[in-house]
């Protein structure tokens with residue numbers, strides 16, 4: 255029995271497997287806390303076996319990808335100075351394996367497969383939340399909001415943001431039609447409903463900004479690369495001026511007021527102050543990866559009590575850089591921010607320089623979404639999180655360009671998985 259390797263590992267030829275794998279991964283990221291270890295094992299089972307099928311193409315040249323592991327390696331090193339080494343060791347190993355899976359997905363999937371998987375995955379996640387979700391009372395702002403099957407309305411809002419963005423790009427960037435156009439429409443409607451029901455100001459604002467950005471960039475496609483760069487620089491400078499003017503003109507308070515928020519961002523400014531104070535105690539190295547929010551420690555116990563977190567878990571400083579500074583110090587902040595900025599700037603450069611690059615077009619929107627949310631959430635900091643998966647997928651695609659050009663010029667080879675009868679796997683050699 256002969257099964258082509260391409261149906262598993264070749265970008266463009268593995269659409270079915272890749273779509274299912276991404277969709278199931280999204281579901282695991284959303285509800286691993288509910289389904290426990292079996293769901294995590296399923297996630298690993300989707301990506302690790304691809305290495306055994308075609309390790310050369312799946313792993314690629316990791317010399318070009320070492321920068322992607324910089325922050326992950328540092329989390330592992332933090333075990334040596336962590337105030338709770340066992341917690342840091344477990345979390346760091348999980349984060350490193352999560353990075354590995356994201357990079358395997360990056361090397362084996364093209365952008366269309368990612369978009370289809372994201373549409374299917376967010377659709378399943380949101381349907382599950384609608385069927386089994388609930389409304390929760392927020393003691394900080396005194397309102398009820400739909401949190402779905404999550405513990406936080408912001409997480410539900412994040413999945414809704416992803417659903418809307420990929421539904422939009424699938425139709426208007428990738429030109430999906432028929433069944434996937436219908437699927438994008440259904441996922442988009444589900445996402446819009448959950449986004450409004452969650453009342454997450456962060457998700458509503460970031461989704462609107464990214465979709466507007468994506469639509470605006472479509473105009474640039476009609477220009478030459480040289481003209482694009484000029485227009486982009488002009489628009490970027492004008493945007494910065496308008497934002498600064500809006501901040502000093504009181505536009506921020508108006509926007510927050512429209513969502514029922516005040517200038518304290520429902521207590522986040524106070525939380526940021528506490529985080530900065532905690533970071534200053536271990537300025538360069540931090541207390542260890544995920545070693546701050548540990549039950550029994552006085553400071554997290556105090557903050558849990560002040561913010562009415564009865565579960566004493568799942569809380570953070572609502573800022574990626576402050577959270578990282580507390581756990582991994584300024585060195586960790588530098589390493590993580592470098593990867594995020596490289597992903598953002600790298601895809602801007604590719605989009606402006608290439609005649610047509612749908613991959614960077616879409617991934618630029620993903621990087622922008624993660625960059626904006628990094629100031630109010632910690633989407634890229636934890637393992638088994640859709641934000642960190644998309645983060646490393648997006649950044650990793652920047653390491654694929656040169657190799658993709660070489661492979662495109664090579665003739666197709668007979669790359670099939672060999673099976674004897676009965677089905678006993680016999681790996682071929684010399685490939």
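Numbering (my numbering), first residue to last: 255 to 685.
By construction, the Cβ of each residue, glycine as well, lies at the ideal position given by its N, Cα and C atoms.
No experiment lies behind these values; they were computed from the predicted model shown.
| Query | Result |
| --- | --- |
| Presumed contact (8 Å Cβ cut-off) between residue 348 and residue 637, rounded CB distance | 4 Å |
| Residue ranges of each beta strand (DSSP E) within the stretch 370-400, 3 or longer | 388-392 |
| Residue nearest to residue 649 in terms of C-alpha spacing, selected from 325, 264, 275, 268 | 325 |
| Beta-carbon proximity check, residue 707 vs residue 555, cutoff 8 Å | No answer is possible for residue 707: the residues shown for the chain start at 255 and end at 685. |
| Backbone CA spacing between residue 336 and residue 575 [nearest angstrom] | 18 Å |
| Three-state class that DSSP yields for residue 657 in the structure shown | Any answer about residue 657 is weak, because its pLDDT of 40 lies below 50 and its placement is not dependable; what the coordinates show is given next. Three-state result, residue 657: helix. |
| Distance between beta carbons of residue 283 and residue 585, contact taken as under 8 Å | Wrong, their Cβ atoms sit about 27 Å apart, outside the cutoff. |
| Residue 485 Cβ short of 7 Å to the ligand ATP heavy atom set | Among the components modelled here there is no ligand, and therefore nothing to report on the ligand ATP. |
| Contact check, residue 595 vs residue 460, beta carbons under 8 Å | no |
| Chain D within 8 Å of residue 610, Cβ atoms only | The structure shown has no chain D; it contains just one protein chain. |
| Cα-Cα separation between residue 397 and residue 391, rounded to whole angstroms | 6 Å |
| Residues near residue 465 by beta carbon distance below 6 Å, same chain, minus five either side | 422 |
| Buried versus exposed call for residue 429 [16 or more other C-beta atoms within 10 Å across all chains shown] | exposed |
| Contact under 8 Å by Cβ, residue 580 with residue 541 | yes |
| Cβ contact (3+ pairs, closer than 8 Å) linking the stretch 630-646 and the stretch 425-443 | no |
| Reference residue 415; option with closest CA among 393, 451, 386 | 451 |
| Three CB pairs or more closer than 8 Å across the stretch 337-344 and the stretch 542-549 | yes |
| Reference residue 401; option with closest CA among 626, 388, 472, 635 | 388 |
| Residue burial classification, residue 379 (beta-carbon count within 10 angstroms, cutoff 16) | buried |
| Close-in-space but distant-in-sequence residues of the same chain around residue 420 (CB under 6 Å, 5 per side omitted) | 369, 372, 373 |
| Element boundaries [alpha helix (DSSP H), containing residue 580] | 574-607 |
| Proximity winner among 524, 366, 279, relative to residue 266 (alpha-carbon distances) | 366 |
| Buried/exposed call for residue 482, threshold 16 Cβ in 10 Å | buried |
| C-beta contact flag for residue 590 and residue 602 at 8 Å | no |
| Burial state of residue 360, where buried means 16 or more other Cβ atoms lie within 10 Å | buried |
| C-alpha distance - residue 278 paired with residue 270, whole-angstrom precision | 12 Å |
| Straight-line Cα distance separating residue 528 from residue 570 | 11 Å |
| Candidates 258, 470, 630, 315, of which the one nearest residue 427 by Cα | 470 |
| Neighbourhood of residue 386 by C-beta, 7 Å cutoff - its chain only, sequence neighbours within 5 removed | 403 |
| 6 Å Cβ shell around residue 275 - same chain, five flanking residues per side excluded | 300 |
| Alpha helix (DSSP H) runs wholly inside the stretch 420-454, at least 4 long, in chain order | 433-452 |
| Beta-carbon gap between residue 620 and residue 522 smaller than 8 Å | no |
| Host alpha helix (DSSP H) of residue 621 (start-end) | 612-627 |
| Whole-angstrom distance between residue 302 and residue 258, CA atom to CA atom | 18 Å |
| Residue 402 - DSSP class collapsed to helix/strand/coil | strand |
| Minimum C-alpha distance to residue 634 - residue among 572, 608, 653, 298 | 572 |
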